[in-house]
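Asker: Shown below is the structure under consideration.
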Amino acid sequence: MHIPDGFLNPQVTLVSGGISATVLVLTLRKVNQTLKPEQIPLMGLLASFVFMIQLFSFPVGVGTSVHLSGALLISILVGPRIGFIIMTVSLVALALLFQHGGIFSLGANTLNIAMVGCFGAFGIYKLLPGKRLALVLAGGLAGVISAILCAVELSLSGMLDLSTALMTMMLIYSVTGAIEGFITMLILDFLLKVKPELLSHYS
Amino acid sequence: MKQAFIDRYARLTSPIHRLSTGFKIKFTLLLLALLLLGFPLLGFTIALPGYGIYTFLILTIALLSRVPFSFLLTRSALVLPFSALIVVVNYFSGNLALAQMSETLIKSLLSIFTLLLLTSTTPFHEILKQISRWKAPGLLVIILAFMYRYFFLLVAEIEALERATKMRHASVSGWKRIRVYANIVGLLLIRSFERAEKVYDAMRMRGFTGDLR
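As given, the protein sequences belong to chains E and F, one line each in that order. Note that the working numbering has the first sequence beginning at 25, numbered continuously upward. Note that the working numbering has the second sequence beginning at 932, numbered continuously upward.
What follows is the structure, encoded as structure tokens:
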């Protein structure tokens, strides 16, 4: 979920913005060292892909619909660093062009969605044994981290009381995170069947 | 196929559209910083006249810009689901502070409206040109430019995939549809990879060597 502008107080805005900007600069420096020219259009196209799937909700019956953030999927395909850059850029575009999330809350959203999704979920996935179930678990656990961050940001800003925020957010985010992991697993199954050469990192 | 323009109203002519892009970006950020970082520090009661003046100012700009109000209002309404979630959670935990909640709502509506005024009076590529003049990292700017350029193709592709799904998977219902969704996303992903290859070939033929400056 993208936090709009107006919900975070100045302190939280500045701290989360500072953290995200630092990580982004460091990641950019690292990626620029090893960047191959053919990766530039790929990053552009994948960023549009992420942007599209975040806007495209697919109905799965009784009034519910699903959509992915795509962070875990992209990180598995092109690595977490490039994944993080792609996710961050698509968050910028979503905020500027579709009013999903704000400009000043971009730091917090980058932290909760891009950083946790790419470094967090992918890291947990790499640490866990096994492949298929590990995706669901990694998605769920990353959801919990995301929920904690989101709850702390909102309660420090005086929007919610910390314990309630933690409970509700963790409930929502762990379920959506696990669903994200599960769908990522289905997508990887599909890719393995149709175009396995994309999954050189996944094995 | 209907061409989907993201910055649909950015090509109108009005006094606001004619202002320089750099000025508009700076002014928007200044307004937002005042609204989100300045007013909250004053406290709601002291800042109240400020909010009034702010609202008057951006409504004037909106009128001058000739961007339809219906568009600005429906897009601004996108903050409502998030606000509703916060209100509901606070209501059930018994600490709903109405005054504070209404201030937050006013702030987020005003800020989304302000940002909309920038993006609907300035073509997106002009914004990119300006921020790259301000030394934004080249990689980020070029990725944004790609997104802007290929967005409408992806829209068309996803619409076609949706149509195909409706035709072929009419009997699939409930949670089984998750697999259908996964396949659609997977297919879109493959096509993105393939298109990236073709785009790279075309760029290389025109002399692209990976230099971003």
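Beta carbons: idealized from backbone N, C-alpha and C, even for Gly. If you're wondering where the values come from, they're calculated on a predicted model, not measured in any experiment.
(1) In angstroms with no decimal places, state the Cα-to-Cα distance between Leu159(E) and Tyr149(E).
(2) For Leu1041(F) and Leu972(F), what's the separation of their Cα atoms in angstroms?
(3) Quick one: is Pro65(E) buried, meaning 16 or more other Cβ sit within 10 Å of its Cβ, or exposed?
(4) So with CB distances below 7 Å, who are the chain E contacts of Thr1050(F)?
(5) Using a 10 Å radius around the Cβ and a threshold of 16 neighbouring Cβ atoms, would you call Ser1001(F) buried or exposed?
(6) Measuring alpha carbon to alpha carbon, tell me which residue in Gly126(E), Ser170(E), Ala95(E), Ile137(E) is nearest Leu963(F).
(7) DSSP three-state label for Val1103(F), please.
(8) DSSP three-state call for Phe82(E): helix, strand or coil?
(9) Does the segment 113-126 of chain E come close enough to the segment 68-85 of chain E to have 3 or more Cβ pairs within less than 8 Å?
(10) Taking Gly94(E) as part of the alpha helix (DSSP H), name the residues at either end of that continuous run.
(11) Near Cys174(E), what residues of its chain come up, given a Cβ to Cβ distance below 6 Å and the 5 sequence neighbours on each side ignored?
(12) Can you check which of these residues, Ile1074(F), Phe1139(F), Arg1080(F), Val1130(F), is closest to Gly239(E) by C-alpha distance?
(13) Check for me: the alpha helix (DSSP H) holding His948(F) runs from which residue to which?
(14) Look up Phe128(E) in the DSSP assignment and say whether it is helix, strand or coil.
(15) From Gly147(E), Gln123(E), Leu216(E), pick the residue whose C-alpha is nearest to that of Ala162(E); which is it?
(16) Using only alpha-carbon positions, find the residue among Pro83(E), Thr51(E), Gly205(E) that is nearest to Leu157(E).
(17) Whose CA, out of Asp29(E), Leu178(E), Val55(E), Tyr197(E), lies closest to the CA of Ile106(E)?
(18) Would you tell me roughly how many angstroms separate the C-alpha atoms of Tyr982(F) and Gln35(E), rounded to the nearest one?
(19) Do the CB positions of Ala941(F) and Thr1052(F) come within less than 8 Å of each other?
(20) Measure the Cβ-Cβ separation of Ile110(E) and Ile100(E) and say whether it is below 8 Å.
Answerer: So, from the listed chains and residues:
(1) 6 Å
(2) 17 Å
(3) buried
(4) Leu120, Leu121
(5) exposed
(6) Gly126(E)
(7) Here Val1103(F) sits in coil by DSSP.
(8) strand
(9) With the cut-off at 8 Å, the segment 113-126 of chain E and the segment 68-85 of chain E touch.
(10) Here Gly94(E) belongs to no alpha helix (DSSP H), and DSSP marks it neither H nor E.
(11) Asn136, Met193
(12) What the structure shows of chain E is the stretch from 25 to 227, and residue 239(E) is not part of that stretch, so it cannot be assessed.
(13) 946-949
(14) coil
(15) Gly147(E)
(16) Gly205(E)
(17) Val55(E)
(18) 21 Å
(19) yes
(20) no
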